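Mapping the sequence shown onto my numbering, position 38 (from 1) lands on 637, and the numbers just tick up by one.
Glycine is no exception: its CB is placed at the ideal position from the N, C-alpha and C atoms.
Being a predicted model, the structure only gives us computed values, none of them experimental.
One structure below.
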Amino acid sequence: MVNATTGGRQSGTLRALDLWYHVMARHVRGTAPDLTSRQMALMLEIYLNDQRLHTVRELAATLNLSKPVVTRALDAMSRHGFVRRKRDEKDRRNVYLHRTVKGSTYLAEFAGLIREAEMAVGSAPDTSPGTAP
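Laid out in structure tokens, this is it:
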């Protein structure tokens, strides 16, 4: 665990890393599927930006990834039941990605881990540049 301090207070960078460590350690100890960083970024893009329909092409452009990389990640996420593909009935060339209840539950539980980690790490004051002592 990152536990370095500056003048008795945790620096902003180390605090952020400590928070991330707490979240990831709790996550990997659990039973939920372990997504890669790319898969998690794709999942968050789909779930947090739900005002539009998502396609492989759009996700690849947004995250600066190749379409084959996005397709492989979506294949894994589909196997977990986190996203669903649906072909456009009007233009069968288009395949849209949709959220699922299972994916929503996964992200809600992950958000809970973040909140727990914030409480655990949050007791150390932030000494990032621009913050009051």
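Query: Where Arg686 falls: helix, strand or coil (DSSP); Result: strand
Query: Residue(s) in a DSSP beta bridge with Tyr695; Result: Lys685
Query: Same chain only: Cβ atoms within 6 Å of Pro732, ignoring 5 sequence neighbours per side; Result: For Pro732, the pLDDT reaches just 42, beneath the cut-off of 50, and the residue's location in the model is therefore unreliable, although a value from the coordinates is still provided. So no residue of the chain qualifies.
Query: Assigned secondary structure, His679 (DSSP; H/G/I helix, E/B strand, else coil); Result: coil
Query: For His626, the residue or residues it bridges with in DSSP; Result: His626 pairs with nothing; no bridge assigned.
Query: Cβ neighbour criterion (16 or more within 10 Å) applied to Val669; Result: buried
Query: Contact under 7 Å by Cβ, Tyr733 with Leu706; Result: The chain is shown only over 600 to 732; residue 733 falls outside these bounds and no answer can be derived.
Query: Exposure of Val627, with buried meaning 16 or more beta-carbon neighbours within 10 Å; Result: exposed
Query: Counterpart residues of His653 in DSSP-defined beta bridges; Result: Leu696
Query: Met642, buried or exposed, once every other Cβ within 10 Å from all chains shown has been counted against 16; Result: buried
Query: Cβ pair Leu618, Ala716 closer than 7 Å; Result: yes
Query: Neighbour-count burial assignment, Asp674, 16 or more Cβ in a 10 Å radius; Result: exposed
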